[in-house]
Amino acid sequence: MPALSPPASWATTAACLTIIILATILSFSPAADNEFLYWDDENNLMFNTYIRSFSAENLRWMWTTTLLGVWQPVAWMTTAAEYRLFDGADLAKFSRGMHLASIGLHGVAAVLAFFVVRRLIVLGAAETAARSPLGLSIGATVAALLFAVHPLRVETTAWASGQPYILAIVPALAAVWCYLLAWQTGRKRWHGAALACLALSLLCKALAVPLVAVLLVLDFYPLRRLAGAAGWKPSMVLPVLLEKVPYALLTLAAAALTAQATWSTKSYTPEPASTKLLVASFCMLFYVSMTFVPYHPAPYYMRPTPFDRSDPWFIGAAVACVVLTSVFILIRRRRPWLLAAWSAYVLVLLPVVGLVKHGGQMAADRYSYLSCVGWVALVGAGVLRVWGGETSSARSVRRIAVLVLGGAVVVGLGLMTRSYCRDWKDSESLWSAMIARNPGYWMGYYNLAKANKRPCDSLLAQADEAERRGNAATAAQLRGEAVDHYRTAETNYRKAIELYEFYPEANVDLGNMMRNGQAPGGVTGAEACYRNALRGRAEFHMAHFNLGLLLMEQKHYEEAVDHLERAEADAERAGEEKRLPTIRQVLAQARAHAHQP
């Protein structure tokens, strides 16, 4: 018989939700002033003309685009609505509005986590929950707070391009809650609501692709529809599986569209299966350990290059995963909740732990968003067990200890989160934080250099304006600031190249600075940089283009034509439509000079 929720006063529930919402707002309030970042935000938001209206062309783009390897039509529509609501023409207002919306959406996710966890606890520990409705609410509140204020949530909330993850997790959690209600009440309409929520989640982001498998785990525990007393008889298993068919069909459709988006825009070097399994095992332990001991979270966790398959950390992680899984299976009759939590956790993470490549990172905080809900649910159940234990001895002491310890942990996590939000404030702080965690991350130095250099054009324009107005002192100061930015950028470009000698983009940018007199090296240094870039990527159009320009300046027109033709061919292959007119114009000039007698 389905377990029914013990009576809980609306006042208690309202108080718990108020605490959760206030804690979420206080923890993430520094993110409200974060800027758009030159890390996907420029492509997704700053310069994306397709989010600026709901025209037929733009809607078609939102539902068909695979920009940056993702398919997320409802997320794009939400962004377009935010563009109109928050005056998207003003990037500062648009950024603030989006970050405030993300904080609010994360608060909604935390509220849903409270209700999901509370229902899971009731299903798993009905008698204890019935004895102590207050303890149940406190346990669910502690779990929701751990979920809400944890620094692992910062990436999705403080980074504007992370918003689709929150948009996806809100209906995903609602789908779980509706599914549990469908079983408890026996009303099919709740299955319909769960399916609608799942569809909405998948249209925002493919985060919930493993959810149908997680529902089967919930059928095992805490619903106990499979195994145990229910057994594995076909008459018991078949209805459970048939019930999942609509969920599975939705999931397969979304998975196919997402896979197509990734494969059509990304290409990765194939890896041995052993490497994938080692990376996956490491990630499985990484996210759960960071959930309970969030040591030095960072915007990027660099993958070792080259990857050493004999590394004891990775081998140890693989062994630990096998041992943990074996132990949880052996003790499943006495501790089924451990196997259920571990299984749900593994299933949610499987698509993002390296078995299928998503970017060059080892791990990313955003992947812990949905996967770690089960662990905080276990913490909530533990709080209820301590709060509502059968013995009355020292009960008051235990309850005070729960409140004090729980409060201290939540406050500590909240303070860490507030501090971590500032790492995402602007591009310079973001890439500085990445380098701090990954000192050998050459791309971090390259992007930090670009962030260092970005204010220079504005500073020089202000200097020219000040000079026109006769304010020589201000002009000199502004030019001095620009020079300082150029020097810092040069230092970081050189550090990136020190770590990766033939780094194509860094060599081209540094070469351009040398050619323009913004860094020492002159024409000779610039040419060396461009040729190093081509050693790193033989058909890099920007290296060919800039080398072609330099050769034209040196009147080596025939060689310039060769490089500019290769720049045109590579730009066509890469779909760089915006660069092609300039490349072709310069190529025509080079050909004209080359054909002169």
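Heads up: the sequence shown begins at 1 in this note's numbering, then just goes up one per residue.
Cβ coordinates follow ideal geometry from the N, Cα and C atoms, glycine included.
Just to confirm before moving on: does the CB-CB distance between C456 and Y486 stay below 8 angstroms?
Start at 1 with the first residue of the sequence shown, and residue 456 comes out as number 456. Start at 1 with the first residue of the sequence shown, and residue 486 comes out as number 486. It is a contact, given that the beta carbons lie within the stated cut-off.
Using the Cα positions of K555 and Q260, report the straight-line distance between them to the nearest angstrom.
Residue numbering aside, residue 555 sits at position 555 when the sequence shown is read from its first letter. Residue numbering aside, residue 260 sits at position 260 when the sequence shown is read from its first letter. Those two C-alpha atoms are separated by around 47 angstroms.
Are the segment 144 to 163 and the segment 58 to 67 touching, with three or more C-beta to C-beta distances below 8 angstroms?
no
Apart from the five residues just before and just after C16, which ones in its own chain have a Cβ nearer than 6 angstroms to its Cβ?
If you number the sequence shown from 1, residue 16 lands on position 16. Exclusion of the five residues before and after C16 leaves S137, T141 as the residues of its chain whose Cβ lies within less than 6 angstroms of its Cβ.
Where does Y221 sit, in a helix, a strand or coil, going by DSSP?
Here residue 221 is taken as the residue at index 221 of the sequence shown, counted from 1. Correct three-state label for Y221: coil.
Which partner residues of S46 appear in the DSSP bridge assignment?
Taking the sequence shown and counting its residues from 1, the one referred to as residue 46 is at position 46. Note that residue 46 is Met in the sequence shown here, rather than Ser. Its beta-bridge partners do not exist; DSSP assigns none.
In chain order, what residues of the same chain have a beta carbon less than 7 angstroms from the beta carbon of E35, not counting five sequence neighbours either side?
Locating residue 35 in the sequence shown gives position 35, where the first residue counts as 1. The residues are S95, K425, D426.
Which of the three DSSP states, helix, strand or coil, is assigned to Q361?
Reading the sequence shown from its first residue, position 361 is the one you call residue 361. Three-state DSSP puts Q361 in a strand.
What number of angstroms, rounded off, separates the C-alpha of L167 from the C-alpha of F314?
Along the sequence shown, one-based indexing puts residue 167 at 167. Along the sequence shown, one-based indexing puts residue 314 at 314. Their backbone Cα atoms lie some 33 angstroms apart in a straight line.
Where are the alpha helix (DSSP H) runs, 4 residues long or more, that stay fully inside the segment 93 to 137, in chain order?
126 to 131
Suppose you measure from the CA of P299 to the CA of R118; what does that come to, to the nearest Å?
One-based indexing of the sequence shown puts residue 299 at position 299. One-based indexing of the sequence shown puts residue 118 at position 118. Looking at the two C-alpha atoms, the distance is approximately 31 angstroms.
Mind reading off the beta-carbon distance from C529 to G511? Whole number of angstroms is fine, and I expect it under 8 angstroms.
Counted from its first residue, the sequence shown places residue 529 at position 529. Counted from its first residue, the sequence shown places residue 511 at position 511. That pair is a contact at about 3 angstroms.
Looking at C-alpha atoms only, which residue of V397, E490, A340 is the closest neighbour of W375?
Here residue 375 corresponds to residue number 375 of the sequence shown, with the count starting at 1. Nearest C-alpha to W375: A340.
Considering only their Cβ atoms, is the gap separating F502 from R454 smaller than 8 angstroms?
Start at 1 with the first residue of the sequence shown, and residue 454 comes out as number 454. Start at 1 with the first residue of the sequence shown, and residue 502 comes out as number 502. No, the Cβ-Cβ distance between R454 and F502 is not below 8 angstroms.
In chain order, what residues of the same chain lie with their CB nearer than 6 angstroms to the CB of E428, ignoring the 5 residues before and after it?
In the sequence shown, the residue the question calls residue 428 occupies position 428. Only A451 meet the Cβ criterion.
Closest to G162 by C-alpha separation, out of V356, H106, Y247, would be which residue?
Residue numbering aside, residue 162 sits at position 162 when the sequence shown is read from its first letter. Here the closest residue by C-alpha is H106.
Taking P598 as the reference, give the member of G388, L551, P351, A126 with the closest Cα.
Nothing can be reported for residue 598, as the shown portion of the chain is limited to 1 through 597.
Could you name the residues of the same chain whose beta carbon sits closer than 8 angstroms to that of T13, not counting the 5 residues immediately before and after it, in chain order?
The count along the sequence shown starts at 1 and reaches residue 13 at position 13. The answer, listed in chain order, is S137.
When you compare only the Cα positions, how much space is there between P133 and V356?
To locate residue 133, count along the sequence shown from 1; it is residue 133. To locate residue 356, count along the sequence shown from 1; it is residue 356. Rounded to the nearest angstrom, the two C-alpha atoms are 44 angstroms apart.
Below 8 angstroms on the Cβ atoms is my contact criterion, and I expect C178 with A193 to pass it. Report the Cβ-Cβ distance as a whole number of Å.
Against the sequence shown, residue 178 aligns to sequence position 178. Against the sequence shown, residue 193 aligns to sequence position 193. About 4 angstroms separates the two Cβ atoms, so the contact holds.
If you check the beta carbons only, do M467 and A475 fall under 8 angstroms apart?
By 1-based counting over the sequence shown, the position of residue 467 is 467. By 1-based counting over the sequence shown, the position of residue 475 is 475. Note that residue 467 corresponds to Glu in the displayed sequence, not to Met. Yes.
Quick one: residues in its chain with C-beta nearer than 7 angstroms to the C-beta of A227, no 5 flanking neighbours on either side, listed in chain order?
Position 227 of the sequence shown holds residue 227. Cβ neighbours of A227 beyond the five flanking positions: F220.
Among residues of its own chain, excluding the 5 on either side of K93, which ones have a beta-carbon nearer than 6 angstroms to its beta-carbon?
Mapped onto the sequence shown, residue 93 falls at position 93. Hits under 6 angstroms: F86, D87.
Near R515, which residues of its chain fall below 7 angstroms by C-beta distance, leaving aside the five closest residues on each side in sequence?
Here residue 515 refers to the residue found at position 515 when the sequence shown is read from its first residue. Closer than 7 angstroms at Cβ, skipping near neighbours: V523, A526, L550.
Here's a check: name, in chain order, each residue in its chain whose Cβ is nearer than 7 angstroms to the Cβ of E41, leaving out the five neighbours to either side.
The residue given as residue 41 occupies position 41 in the sequence shown. The amino acid at residue 41 is misidentified as Glu; the sequence shows Asp. Non-local beta-carbon contacts of D41 in its own chain, meaning distances under 7 angstroms to residues more than five positions away in sequence, involve A160, S161 in chain order.
Suppose you measure from the CA of M362 to the CA of S29; what does that come to, to the nearest Å?
As a position in the sequence shown, residue 362 is number 362, starting the count at 1. As a position in the sequence shown, residue 29 is number 29, starting the count at 1. Answer to the nearest angstrom: the Cα atoms are 29 angstroms apart.
With DSSP collapsed to three states, give me the class of A489.
The count along the sequence shown starts at 1 and reaches residue 489 at position 489. If DSSP states are grouped into helix, strand and coil, A489 belongs with the helices.
Taking all protein chains shown into account, do 16 or more other C-beta atoms lie within 10 angstroms of the C-beta of F292, making it buried, or fewer, making it exposed?
The count along the sequence shown starts at 1 and reaches residue 292 at position 292. It is exposed - the Cβ of F292 has fewer than 16 other Cβ atoms within 10 Å.
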